[in-house]
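Going by the UniProt record's numbering, the sequence shown opens with residue 1, and the numbers climb by one from there.
Where is the CB? At the ideal position from N, CA and C, for every residue including glycine.
Heads up, the thing below is written out as structure tokens.
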Amino acid sequence: MARMQQTAVALDGAALAAAAESRPAPQAVAAALPDQRQGWLVVLGLAVVLCVIFGTTISALGLFALPITADLQCSHEQAARFATAFMLSMTLSMPLAGWLLDRLAPRPVMTAGSVLAALGYLLAASSPDIDRLTLAMALGGIGVGASTYVPAMTLASRWMAPARQGLAFGILLAGAAIGGVIFPNLLTRLIGELGWRSVMQLIAGLILLVCVPLLLWLARLPEAPTTASRHAAEALPGHDIGQVLRMPRYWLWIAMQLLLTMSGLGIYISLVSCLVSAGYSAQAASTWYAGVGAASLAGNFLFGALSQRCSARTILLCGNAIGIAGLLCLLLAQHPAWGLAAVAVFTLSWGTTFNLVNQLAPLLLVEAMGPRNFGSLLGIGNLLGGLGAAFGPAAVGYLVDTSGSYAPALLLCTALAAAATLPIALQQRPQAPDDAPLSAAGRSS
Numbered sequence: 001m002a003r004m005q006q007t008a009v010a011l012d013g014a015a016l017a018a019a020a021e022s023r024p025a026p027q028a029v030a031a032a033l034p035d036q037r038q039g040w041l042v043v044l045g046l047a048v049v050l051c052v053i054f055g056t057t058i059s060a061l062g063l064f065a066l067p068i069t070a071d072l073q074c075s076h077e078q079a080a081r082f083a084t085a086f087m088l089s090m091t092l093s094m095p096l097a098g099w100l101l102d103r104l105a106p107r108p109v110m111t112a113g114s115v116l117a118a119l120g121y122l123l124a125a126s127s128p129d130i131d132r133l134t135l136a137m138a139l140g141g142i143g144v145g146a147s148t149y150v151p152a153m154t155l156a157s158r159w160m161a162p163a164r165q166g167l168a169f170g171i172l173l174a175g176a177a178i179g180g181v182i183f184p185n186l187l188t189r190l191i192g193e194l195g196w197r198s199v200m201q202l203i204a205g206l207i208l209l210v211c212v213p214l215l216l217w218l219a220r221l222p223e224a225p226t227t228a229s230r231h232a233a234e235a236l237p238g239h240d241i242g243q244v245l246r247m248p249r250y251w252l253w254i255a256m257q258l259l260l261t262m263s264g265l266g267i268y269i270s271l272v273s274c275l276v277s278a279g280y281s282a283q284a285a286s287t288w289y290a291g292v293g294a295a296s297l298a299g300n301f302l303f304g305a306l307s308q309r310c311s312a313r314t315i316l317l318c319g320n321a322i323g324i325a326g327l328l329c330l331l332l333a334q335h336p337a338w339g340l341a342a343v344a345v346f347t348l349s350w351g352t353t354f355n356l357v358n359q360l361a362p363l364l365l366v367e368a369m370g371p372r373n374f375g376s377l378l379g380i381g382n383l384l385g386g387l388g389a390a391f392g393p394a395a396v397g398y399l400v401d402t403s404g405s406y407a408p409a410l411l412l413c414t415a416l417a418a419a420a421t422l423p424i425a426l427q428q429r430p431q432a433p434d435d436a437p438l439s440a441a442g443r444s445s
């Protein structure tokens, strides 16, 4: 392990040395830190945006499948295409959004994205057939990708001091988690009373009335000092995209995301079915599923606060070990004596840690590569990791179909999480001579 880490550090060292001369002095960086009160206001506003958009779109996609199938007289496979189109277009739009944010002001990018999301849902609500509905949802997915995760994380990284970024990222993800708790039940009732078309129109209206004004108000970068405004982008510490793409550390970061997201999605998507197969009622399984969401919300705040005292790498290593232990407990779900306790331990341990990769991966990236081109690099990483991780649920379904049991699938997801330990461990940042004072300045602010 140590030898591999030394190799990665050596390979990255040339790029670090090449960029060291262009870094601003630590004193200048500390003096140029944005107003943290304004930064927290931006973070809280973006958390509301993620709550509304994620809660009404990604977290609610499954609610529309049955009513759309019945209304449009299509097959289940055809009805599933609109969700696939939405997720694929959202994933593909993330690197484009990140690239634009590194070159343009965030307000037009994020506001246009939220308007596109609303427009996609309005068009979907009036679609006469499944093909046009699928195209409309793909448009909505582009808008969601351009206005949520990558842009919000990029803005938070620009506003918040390094020591506070982990907590800021946790608050953003907590907003998304709250939306996933609030909106699905509400939308389910509304679909039953008003129909799916009216509910899609309501979602579009909510995005236009809540998210667009918030983004017009808050989606802005901190003001650069007057003397540096002309060269603000060049003054940011970090590397060019081409340099980063040649660094083994960046590809280890992507491998970490890929493995953890494959494992997490594979479990999360199939959890209710897994518990039902273990003998739990559908209602009990749904309750445990909601418990995972509540634990994830608590974990966002807990580990976000810890990130102000511990490194993101240390937290992710420990959190991943806790999550692996929780997955092993899930294997005992149908044990007559220990099953209930095992599921409770799984819910608490895995629930609080499975989303850590989404919270801490941006922090690891900005620590290792600097804020320059952060949006583009985060978008590229999420694109590659997201496309690969999409195979997680499919792999779980295949193993369950072929073996007749969830045990092989659970063991696969456990092995994927365990394999992620190596790229996490290799994320320790090689420090250039001016890194230590820079980090200290960020943490003392």
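Closest by C-alpha distance to residue 138, out of 61, 248 and 292, is 61. The residue from 198, 210 and 353 with its alpha-carbon nearest to that of residue 324 is 353. With contacts defined by Cβ atoms closer than 8 Å, residue 276 and residue 289 do not form a contacting pair. Nearest to residue 322 by C-alpha distance, out of 299, 150 and 307, is 299.
Each of 313, 267 and 307 was checked against the Cα of residue 292, and the nearest Cα belongs to 267. For residue 288, the secondary structure class from DSSP, reduced to helix, strand or coil, is helix. When DSSP states are grouped into helix, strand and coil, residue 193 belongs to the helix group. The three-state secondary structure of residue 318, taken from DSSP, is helix. Excluding five sequence positions before and after residue 358, the CB atoms of its chain that fall closer than 7 Å to its own CB belong to 173, given in chain order.
Taking all protein chains shown into account, residue 56 has 16 or more neighbouring C-beta atoms within 10 Å of its C-beta and is therefore buried. From the listed residues 311, 356 and 342, the smallest Cα separation to residue 162 is found for 311. In this structure residue 53 is not in contact with residue 181, their Cβ atoms being roughly 15 Å apart against a cut-off of 8 Å.
In chain order, 408 and 409 place their CB closer than 6 Å to the CB of residue 399, counting only its own chain and leaving out the 5 sequence neighbours on each side. The Cβ-Cβ distance between residue 385 and residue 150 does not fall below 8 Å. With respect to the 8 Å criterion, residue 187 and residue 63 are classified as neighbours on the basis of their beta carbons. Close CB contacts of residue 221 within its chain, under the 6 Å cut and outside five residues either way in sequence, are with 158 (chain order). The alpha-carbon separation between residue 79 and residue 196 amounts to approximately 13 Å. Secondary structure of residue 353 (DSSP, three-state): helix.
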